[in-house]
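Residues in the sequence shown are numbered from 2 upward in steps of one, following the numbering used here. Since the structure comes first, as structure tokens, the remarks are kept for the end.
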Amino acid sequence: MYYSELVRKAYAILWDAHRDDVDKGGYPYVFHPFYLATQMEDENSTCTALLHDVIEDHGDRYSLESLAQAGFPEPVLQALRLLTHADGVPYRDYVRALADDPIARKVKLADLRHNTDTRRVGGRRTPKHDLYLEAIRYLEELN
């Protein structure tokens with residue numbers, strides 16, 4: 002994980018957005034993006050990992066424009082744009098669209114690996130488990 006003032010800002014936004022959220026395993030949701038961030042080696046990837054679900058889950062309070070105004074650089078904004086799964090877009094198309102962006106791909110791989118870790122949800126597989134495994138294989142082939 003990278004440490005900087007921009008990462009501190011991303012964490013503050015993550016905390017504000019997700020502080021009351023709980024994941025499917027009953028854990029505070031903030032653990033998930035923070036866990037992803039610990040796997041990143043640079044500032045842009047760390048910020049992206051921390052913010053990867055903020056717009057998708059809390060678009061009523063945060064937007065790409067508000068994050069740009071907060072000082073996040075274009076590589077982070079572009080990765081977040083790609084990582085925000087729009088309604089009506091088939092999952093495979095969403096994954097293919099983000100695959101060419103190295104930051105989005107790295108964060109999505111970490112996200113998928115964490116989301117397929119059944120220890121997080123009492124040993125249960127999510128309904129999208131096989132689709133997530135397919136996406137992992139696809140993205141790993143590009144690395």
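Cβ coordinates follow ideal geometry from the N, Cα and C atoms, glycine included. Everything numeric in this text was worked out from a predicted model, so none of it was measured.
In its chain, beyond the 5 residues on either side, 63, 64, 65, 81 and 85 have a beta carbon closer than 7 Å to the beta carbon of residue 56. Rounded to whole angstroms, the Cβ separation of residue 46 and residue 107 is 6 Å, and the two are in contact under 8 Å. With contact defined as three or more Cβ pairs closer than 8 Å, the region 85-99 and the region 35-45 are not in contact. Between the C-alpha atoms of residue 130 and residue 19 there is a straight-line separation of about 23 Å. Where residue 70 is concerned, the enclosing alpha helix (DSSP H) starts and stops at 65-70. Nearest to residue 123 by C-alpha distance, out of 61, 23 and 27, is 27.
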